[in-house]
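Engineer: I have a structure I would like to understand better, so I am pasting it below and will then ask my questions one at a time.
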Amino acid sequence: MEQVQDPSRLADHFALHHMADRFPWLNRYPWSLLHYRKGEYLCRYGGDVPRLLFLLEGRVAVSITPSHGRTHLITCYDPVALICGDVEVALGNTHATADLRAIDGEVWCAALPIAVYRERLMADPDFLRYTVQRLAREMVKDSIYATNNLLFPLEERLGAYLVNHAREGVFQGNLTRTAELLGVSYRQLSRVMKVFSDRAWIEKDSGGWRILQPAPLERMAARIDEPPAASDF
């Protein structure tokens, strides 16, 4: 992690994403700019969480690795969003409840020290409103994923995931992370991908997995609830 002493760069990030309009409470605090390289941890489970982190650029995976050693991917964050520290502010807890790791390239975050600003944040209705909405979205999303994992076989869950996350007919997601998100092993997921390929529903190409026959995958997706986007709240 590197703290970048460049106020103009931080201001550019805020302007690019129209932060002042979308999150007016941000401008009440003196944020700093942090840079993380691909694969670097923003925080580790059980470790200290000294600051709020607001994701400005890059992608961050949230995961837990239980004692049996198999990592469980909880979710992935894309810009722009508060990704770390709000729970710690609310509970007065300074220890991380999951691992956060930079993936798919470099990550840039706005940071604010919790110890210095916790009391102000707890008295800030705009921050609290945003935090409640964010945590509510996470709760709904986690509930839907957990229900789907219990009620639907992997073939249907994977088919729905592929068609819902494809761009212009191509799924470019990382299969290891997809397996973790669906709560299965990479080997189990690969077997189902092969079944889909043998049925000529999908094929591997240089850009990812091209969907040749979307209809059967769309029928699977129609039976499974998809977690709502932030704009749906």
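Residue numbers (my numbering): 1008 to 1240. Backbone N, C-alpha and C define an ideal beta-carbon position, used for all residues, glycine too.
Compute the Euclidean distance between the alpha carbons of residue 1237 and residue 1197, then round it to the nearest angstrom.
Structural biologist: Because the pLDDT at residue 1237 is just 47, under 50, the model does not fix this residue reliably, and the value given afterwards should be weighed accordingly. Using only the alpha carbons, I get a separation of about 30 Å.
Engineer: In whole angstroms, what separates the C-alpha of residue 1136 from that of residue 1130?
Structural biologist: Whole-angstrom Cα-Cα distance: 11 Å.
Engineer: Could you tell me which whole beta strand (DSSP E) segments of length 3 or greater appear in the stretch 1055–1081?
Structural biologist: If we require 3 residues or more, the beta strand (DSSP E) runs fully inside the stretch 1055–1081 come out as 1058–1071.
Engineer: Taking three-plus beta-carbon pairs below 8 Å as touching, is the stretch 1144–1157 in contact with the stretch 1107–1117?
Structural biologist: No contact exists between the stretch 1144–1157 and the stretch 1107–1117.
Engineer: Using beta-carbon positions only, say whether residue 1067 and residue 1095 come within less than 8 Å of one another.
Structural biologist: Against a cut-off of 8 Å, the Cβ pair of residue 1095 and residue 1067 comes out as no contact.
Engineer: Take the Cβ of residue 1240 as the centre, count every other Cβ of all protein chains shown within 10 Å, and call the residue buried at 16 or more, exposed below.
Structural biologist: For residue 1240, the predicted model reports a pLDDT of 38, less than 50, meaning its position is unreliable and no value from the coordinates is stated.
Engineer: Can the beta-carbon of residue 1163 be found less than 8 Å from the beta-carbon of residue 1227?
Structural biologist: Against a cut-off of 8 Å, the Cβ pair of residue 1227 and residue 1163 comes out as a contact.
Engineer: So residue 1177 and residue 1217 are in contact, right, with Cβ under 8 Å, and what is the actual spacing, rounded?
Structural biologist: 5 Å between Cβ atoms; contact.
Engineer: Between which two residues does the beta strand (DSSP E) harbouring residue 1112 extend?
Structural biologist: Taken as a continuous stretch (DSSP letters only), the beta strand (DSSP E) holding residue 1112 covers 1106–1120.
Engineer: Check whether the Cβ atoms of residue 1117 and residue 1030 sit closer than 8 Å, and answer yes or no.
Structural biologist: For residue 1117 and residue 1030, no; Cβs fall outside 8 Å.
Engineer: Measuring CB to CB, does residue 1065 end up less than 8 Å from residue 1011?
Structural biologist: Against a cut-off of 8 Å, the Cβ pair of residue 1011 and residue 1065 comes out as no contact.
Engineer: State the DSSP-derived secondary structure class of residue 1032, mapped to helix, strand or coil.
Structural biologist: Residue 1032 falls in the helix class under three-state DSSP.
Engineer: Cα-Cα, which of 1206, 1204 and 1183 is closest to residue 1194?
Structural biologist: Answer by Cα proximity: 1183.
Engineer: In terms of alpha-carbon separation, which member of 1225, 1070, 1155 and 1202 lies closest to residue 1090?
Structural biologist: Cα-wise, what sits closest to residue 1090 is 1070.
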